[in-house]
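For reference, the structure discussed in these notes is given below.
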Amino acid sequence: MKYELEEPLNDGLLQYGTIVTKRDDKTKKKIGEDFQATGSLYFSFMNINAKYDVYKVGSIQSVDIKVKCYYAPNLTKAHKILLRGQVYEVEQLDADRERKYLYLYLRKVGEWDGNHLIQATEHS
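Residue numbers are given in my numbering: position 93 of the sequence shown equals residue 93, and the series is strictly consecutive.
What follows is the structure in structure tokens.
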């Protein structure tokens with residue numbers, strides 16, 4: 001019996017989830033934000049191939065990074081990605097044929113300081 005070696009995804013651990021507003025119980029004023037993680041995935045950074053990846057996303061200039069992770073059926077474009085203190089939006093999801101791996105095309109939207117999303121002022 002031949003065992004297939006899996007490709008290690010060892011660049012780090014990302015979290016995906018939503019950012020919700022925390023409010024004061026009495027005044028209902030905003031007192032902060034909370035990142036509610038739905039799940040976490042090990043990932044590897046990938047190179048963006050302009051010839052190929054332009055067909056996956058509308059504009060390759062809107063993508064800051066591309067990562068490869070194991071397939072997660074509940075991960076959607078509506079989720080935010082928290083990766084090394086940075087918050088990203090999912091521009092596109094691309095699963096491989098066997099639905100073993102998922103390629104995420106991410107756009108940076110800001111930094112996470114533990115209590116607030118600090119919005120990026122301009123796209124880098």
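Glycine included, C-beta positions come from ideal geometry on N, C-alpha and C. Keep in mind that this is a model prediction, so the values were computed, not measured.
The residue among Y70, L13, V109 and L104 with its C-alpha nearest the C-alpha of Q86 is V109.
Within the same chain, and ignoring the five residues on either side of R84 in sequence, the residues whose Cβ sits closer than 8 Å to its Cβ are G12.
Under the three-state reduction of DSSP output, A78 falls in the coil class, being neither helix nor strand. By the neighbour-count criterion, in which 16 or more other beta carbons inside 10 Å mark a residue as buried, K77 falls on the exposed side.
About 7 Å separates the CB atoms of V67 and S44; that is less than 8 Å, so the two are in contact. DSSP lists E111 as the beta-bridge partner residues of I118.
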